[in-house]
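Trainee:
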Amino acid sequence: MGRCSPLPQQLNERTFLLASQHQHDTDVGDRNTQDGLAEETELTALAVTDDDNNNNNCDIDSIDENDKNDQRSTGRRILQLAIPALGALLIDPLLTLADTAFVGRFAESPYELAGMGSATALLTFSFYIFNFLCTATTPLVASKRSSGKEDEAIAVGRQSLSLALALGAVLAFLLIVFRYPLLALMGTAISGEQATGYAVDFLVIRALAAPAVFSISASTGILRGYLDTKTPIFVLLVANVVNILLDVVLIVFAGMGPAGAALATTTAEWISALLFLFVLSGQLPSADGELGRKEEDMNKTIVIIPTLSIPPWEEVQPLVVASSAVFLRTTILQLFLSVSAALAARGTDMTGGAAASISAHQIAIQLWMLCSYTSDALAAASQGLVADALGRNSHRQVTDISKTVLVYSVVLGSGLATLLWIGFSTRFLLTLFTTNVETQSDLMDIAVLIVLAQPLNSLVFAADGVLQGASEFPYQAKSMAVSATVAGLLFVTIQAMHVSDELFQVWSALIALQFMRGVTSAYKIVDRDGPTRLLEE
1042 MGRCSPLPQQ LNERTFLLAS QHQHDTDVGD RNTQDGLAEE TELTALAVTD
1092 DDNNNNNCDI DSIDENDKND QRSTGRRILQ LAIPALGALL IDPLLTLADT
1142 AFVGRFAESP YELAGMGSAT ALLTFSFYIF NFLCTATTPL VASKRSSGKE
1192 DEAIAVGRQS LSLALALGAV LAFLLIVFRY PLLALMGTAI SGEQATGYAV
1242 DFLVIRALAA PAVFSISAST GILRGYLDTK TPIFVLLVAN VVNILLDVVL
1292 IVFAGMGPAG AALATTTAEW ISALLFLFVL SGQLPSADGE LGRKEEDMNK
1342 TIVIIPTLSI PPWEEVQPLV VASSAVFLRT TILQLFLSVS AALAARGTDM
1392 TGGAAASISA HQIAIQLWML CSYTSDALAA ASQGLVADAL GRNSHRQVTD
1442 ISKTVLVYSV VLGSGLATLL WIGFSTRFLL TLFTTNVETQ SDLMDIAVLI
1492 VLAQPLNSLV FAADGVLQGA SEFPYQAKSM AVSATVAGLL FVTIQAMHVS
1542 DELFQVWSAL IALQFMRGVT SAYKIVDRDG PTRLLEE
């Protein structure tokens, strides 16, 4: 901090001596007296000027110190939300990662993991395109709550839960009825009948969890809207423990393979969904925030439950419009990922080679998703905080939050890249997921791409959170379409040049997709007329 001092001591003494000399030396001529007075006046003015400068410096230092305190406060708020959100976000991919590890370690052939990989890619696409139930709900609830419209925030939450259960039931029906043609699109026919059989078993059981998965997504969005990221981690921790215990029983001891993994995850997800609904309905306490049962005063308990009535269009319009834009954006992204899984299956004409390629892609995509969910913790924090600040018309806080979260994302991405590099270089990640030599070899071929992409991925997810908090959903949908088009053209170009195998080409296109997402997000964030005003001084 700068120094805020009084008048300099030496200047005060000199001014005092000159004033005393002027009073006692009366016989001095007028010219000398005028000179003395001029000098006195000059020095006095200099002293006052110096005092003003010191006061101004003090004010500037105070402003600088306040800015630093605000930045530290913003950083703490982001971490207070991001760290619990990280735990909650990691638990979901950890469920699939645990299933992949158990099936891969105890499988007798690559067909179990190949079949599970194709079914997982289809389920990931089917489930994730409805993530608007969380993404669109969070900023809508947060902005209405922070602007004092509590009833409207509760109404959005109820609408989101109702929509989640209805869409989940419809999706479960469609996945089960059309399981064979859908899996054929994912390339299971190429990997053989055995892999197809495993994929069908896994898909049918996991499809039954669709209403639970969507309900969890909507519940998480509501809790984030109330700036509560702690409750989901406790709920989903229970799910993870249940899943692992059932994996041991059903895969290791019962030998059920992919079907056992699907049953374990489906059971865990339904338990999570019910726990979330109990919290939102006020039957159970929350870990943080305003929601959940309030034992000290039941009148303060906020109740958010699904509604069977159809609300007027004016009430649901904000949720529908935001959800539609997010749905379009997510559909494009998941189509790209699903196509990449299908192309990985077509990496070779040999059935065994195709199974190894799919298995390697399955392991790689799960590691990729695990890192993505880790980075998404910062997005979850910034999403709620940005929406909350905009609801209070605090644009300065929006800028501070955006800058801080982007810096944190670069640090996080670099850390993830380091951990992956250690895991691949020591072959720990290879032996953890599979003992098949062909699968390990294919995985090592794309390891460098996975490692180097992590800082970029983290930055992209952080930017997503900022823009989603500002409800820039239509722009994100358009930018995703542009990004996917550029990445697709790159894939076609690389494939025509025959410079690498199919799996390497697929992952090169994935990184190109992330790069373009970063470019388009950066364009909107630095826009001086945009909602974040990142470049505003």
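Residues 1042 to 1578 (this note's numbering) make up the sequence shown, in order. Where a beta carbon is used, it is the ideal one built from N, C-alpha and C, also for glycine.
1) Starting from Asp-1288, trace the alpha helix (DSSP H) in both directions and tell me its first and last residue.
2) Please name the residue in Asn-1477, Ser-1520, Trp-1409 whose C-alpha comes closest to that of Leu-1369.
3) Go ahead and label Met-1538 buried or exposed: buried means 16 or more other beta carbons lie within 10 angstroms of its beta carbon, across all protein chains shown.
4) Please report the straight-line C-alpha distance between Leu-1471 and Leu-1484, rounded to a whole angstrom.
5) Thinking C-beta only, is Glu-1331 closer than 8 Å to Tyr-1267?
6) Less than 8 Å between the beta carbons of Leu-1291 and Ala-1309, yes or no?
7) Report yes if the CB atom of Ala-1420 is closer than 8 Å to the CB atom of Ala-1503, and no otherwise.
8) Which two residues bound the contiguous alpha helix (DSSP H) that contains Ala-1194?
9) With Val-1527 as the anchor, note down where its alpha helix (DSSP H) starts and where it stops.
10) Please work out which residues of its chain come closer than 6 Å, Cβ to Cβ, to Thr-1392, disregarding the five sequence neighbours upstream and downstream, and give them in chain order.
11) Between Val-1282, Arg-1437, Ser-1423, Ser-1327, which has its C-alpha nearest Leu-1122's C-alpha?
12) Please state whether DSSP places Leu-1268 in a helix, a strand or coil.
13) If you draw a straight line from the C-alpha of Pro-1515 to the C-alpha of Glu-1479, how long is it?
14) If you reduce the DSSP assignment to three classes, tell me which class Ile-1373 lands in.
15) Can you tell which of Gly-1156, Arg-1199, Ala-1126 has the C-alpha that lies nearest to the C-alpha of Asp-1140?
16) Per the DSSP calculation, Ile-1343 is bridged to which residue(s)?
17) Compare the Cα-Cα distances from Asp-1570 to each of Val-1182, Ser-1466, Leu-1277, Glu-1513 and report the closest residue.
18) Report, in whole angstroms, the separation of the C-beta atoms of Val-1501 and Arg-1558, which I expect to be a contact under 8 Å.
19) In its own chain, which residues sit with a C-beta less than 7 Å from the C-beta of Leu-1490, not counting the 5 before and 5 after it?
20) Taking 7 Å as the limit between beta carbons, can you name the residues of its chain near Gln-1495, skipping five residues before and five after?
21) Determine the DSSP secondary structure at Gly-1043, reduced to helix, strand or coil.
22) Give the straight-line distance between the Cα atoms of Ser-1398 and Leu-1226, rounded to the nearest whole angstrom.
23) Report back the beta-carbon spacing between Arg-1199 and Thr-1348 to the nearest angstrom; my notes put them in contact at under 8 Å.
24) My output table needs one value for Phe-1545: the three-state DSSP class, helix, strand or coil.
25) What residue range is occupied by the uninterrupted alpha helix (DSSP H) comprising Phe-1317?
26) Nearest CA to the CA of Ala-1039: which residue from Gln-1481, Ala-1162, Leu-1530?
27) Tell me which same chain residues have a C-beta within less than 7 Å of the C-beta of Asp-1329, skipping the five on either side of it?
28) Count the other CB atoms within 10 Å of the CB of Val-1211; is the residue buried (16 or more) or exposed (fewer)?
29) From Val-1492 to Pro-1180, what distance separates their C-alpha atoms?
30) Can you grab the Cα-Cα spacing for the pair Gln-1438 / Gly-1506, in whole Å?
31) Would you kindly work out how many angstroms separate the C-alpha atoms of Arg-1220 and Ser-1435, rounded to a whole number?
32) Throw me the rounded Cβ distance for the Leu-1554 and Ala-1525 pair, which I believe falls under 8 Å.
33) Between Phe-1474 and Gly-1158, how many whole angstroms is the CB-CB distance? I'm expecting something under 8 Å.
34) Where does Ile-1406 fall in DSSP's three states?
35) Based on Cα-Cα distance, which residue from Ser-1482, Ala-1160, Cys-1175, Gln-1407 lies nearest to Gly-1262?
Mentor: By the coordinates alone:
1) In the sequence shown, counting from the first residue as 1, residue 1288 sits at position 247. Element bounds for Asp-1288: 1271 to 1288.
2) Locating residue 1369 in the sequence shown gives position 328, counting from the first residue. Closest option to Leu-1369, Cα to Cα, is Ser-1520.
3) The residue labelled residue 1538 in the question sits at position 497 within the sequence shown. Exposed, by the Cβ-count rule.
4) Translated into positions along the sequence shown, residue 1471 becomes position 430. Translated into positions along the sequence shown, residue 1484 becomes position 443. Their Cα atoms are separated by approximately 8 Å.
5) The residue labelled residue 1267 in the question sits at position 226 within the sequence shown. The residue labelled residue 1331 in the question sits at position 290 within the sequence shown. Their beta carbons are under 8 Å apart, which means Tyr-1267 touches Glu-1331 by this criterion.
6) Position 250 of the sequence shown, counted from the start, is the residue given in the question as residue 1291. Position 268 of the sequence shown, counted from the start, is the residue given in the question as residue 1309. No. Outside cutoff.
7) Residue numbering aside, residue 1420 sits at position 379 when the sequence shown is read from its first letter. Residue numbering aside, residue 1503 sits at position 462 when the sequence shown is read from its first letter. Contact flag set, yes.
8) Here residue 1194 refers to the residue found at position 153 of the sequence shown. Looking at the DSSP string, the run of the alpha helix (DSSP H) that includes Ala-1194 is 1191 to 1218.
9) In the sequence shown, residue 1527 corresponds to position 486, counting from 1. Unbroken alpha helix (DSSP H) run through Val-1527: 1514 to 1538.
10) The count along the sequence shown starts at 1 and reaches residue 1392 at position 351. The predicted position of Thr-1392 is uncertain, since its pLDDT is 46 and thus under 50; no value can be drawn from it.
11) Position 81 of the sequence shown holds residue 1122. Nearest option by C-alpha distance: Ser-1423.
12) Along the sequence shown, one-based indexing puts residue 1268 at 227. DSSP places Leu-1268 in coil when its eight states are reduced to three.
13) Working through the sequence shown from its first residue, we reach residue 1515 at position 474. Working through the sequence shown from its first residue, we reach residue 1479 at position 438. If I take the Cα positions, the gap works out to 43 Å.
14) On the sequence shown, position 332 is the one that residue 1373 refers to. Three-state result, Ile-1373: helix.
15) Within the sequence shown, residue 1140 is the residue found at index 99, counting from 1. Answer by Cα proximity: Gly-1156.
16) Numbered from 1 along the sequence shown, position 302 holds the residue referred to as residue 1343. Ile-1343 pairs with Leu-1332.
17) As a position in the sequence shown, residue 1570 is number 529, starting the count at 1. Here the closest residue by C-alpha is Glu-1513.
18) Taking the sequence shown and counting its residues from 1, the one referred to as residue 1501 is at position 460. Taking the sequence shown and counting its residues from 1, the one referred to as residue 1558 is at position 517. Yes, Val-1501 and Arg-1558 are in contact; Cβ-Cβ is about 5 Å, under 8 Å.
19) For this step, residue 1490 is matched to residue 449 along the sequence shown. Trp-1548, Ser-1549, Ile-1552, listed in sequence order.
20) By one-based count along the sequence shown, residue 1495 stands at place 454. Correct list, in chain order: Cys-1412, Gly-1454, Leu-1457, Ala-1458, Leu-1461.
21) For the purposes of this step, residue 1043 is identified with residue 2 of the sequence shown, where counting begins at 1. Unreliable positioning characterises Gly-1043 in this predicted model, as indicated by a pLDDT of 40, which lies under 50. A coordinate reading is not provided.
22) Here residue 1398 refers to the residue found at position 357 when the sequence shown is read from its first residue. Here residue 1226 refers to the residue found at position 185 when the sequence shown is read from its first residue. Cα-Cα distance, rounded: 17 Å.
23) As a working mapping, residue 1199 is identified with position 158 in the sequence shown. As a working mapping, residue 1348 is identified with position 307 in the sequence shown. Confirmed, about 5 Å.
24) Mapped onto the sequence shown, residue 1545 falls at position 504. Looking at Phe-1545 - three-state DSSP - the assignment turns out to be helix.
25) For the purposes of this step, residue 1317 is taken as the residue at position 276 of the sequence shown. Note, Phe-1317: alpha helix (DSSP H), 1299 to 1321.
26) Residue numbering for the chain in the displayed model covers 1042 to 1578; residue 1039 lies beyond these limits and cannot be assessed.
27) Residue 1329 sits at position 288 when you count from the first residue of the sequence shown. Closer than 7 Å at the Cβ level, and outside the excluded window around Asp-1329, lie Asp-1269, Lys-1271, Thr-1272.
28) Here residue 1211 refers to the residue found at position 170 of the sequence shown. The residue is exposed, with fewer than 16 neighbouring Cβ atoms inside 10 Å.
29) Translated into the one-based positions of the sequence shown, residue 1492 becomes position 451. Translated into the one-based positions of the sequence shown, residue 1180 becomes position 139. Approximately 32 Å between the Cα atoms of the pair.
30) For this step, residue 1438 is matched to residue 397 along the sequence shown. For this step, residue 1506 is matched to residue 465 along the sequence shown. When rounded, the distance between both Cα atoms is 15 Å.
31) Along the sequence shown, read from residue 1 onward, the residue named residue 1220 stands at position 179. Along the sequence shown, read from residue 1 onward, the residue named residue 1435 stands at position 394. Roughly 49 Å separates the two Cα atoms.
32) Residue numbering aside, residue 1554 sits at position 513 when the sequence shown is read from its first letter. Residue numbering aside, residue 1525 sits at position 484 when the sequence shown is read from its first letter. The pair is a contact, with the Cβ atoms about 6 Å apart (cut-off 8 Å).
33) One-based indexing of the sequence shown puts residue 1474 at position 433. One-based indexing of the sequence shown puts residue 1158 at position 117. No, Phe-1474 and Gly-1158 are not in contact; Cβ-Cβ is about 11 Å, not under 8 Å.
34) For the purposes of this step, residue 1406 is taken as the residue at position 365 of the sequence shown. Three-state DSSP puts Ile-1406 in a helix.
35) On the sequence shown, position 221 is the one that residue 1262 refers to. When only C-alpha atoms are compared, the closest one is Cys-1175.
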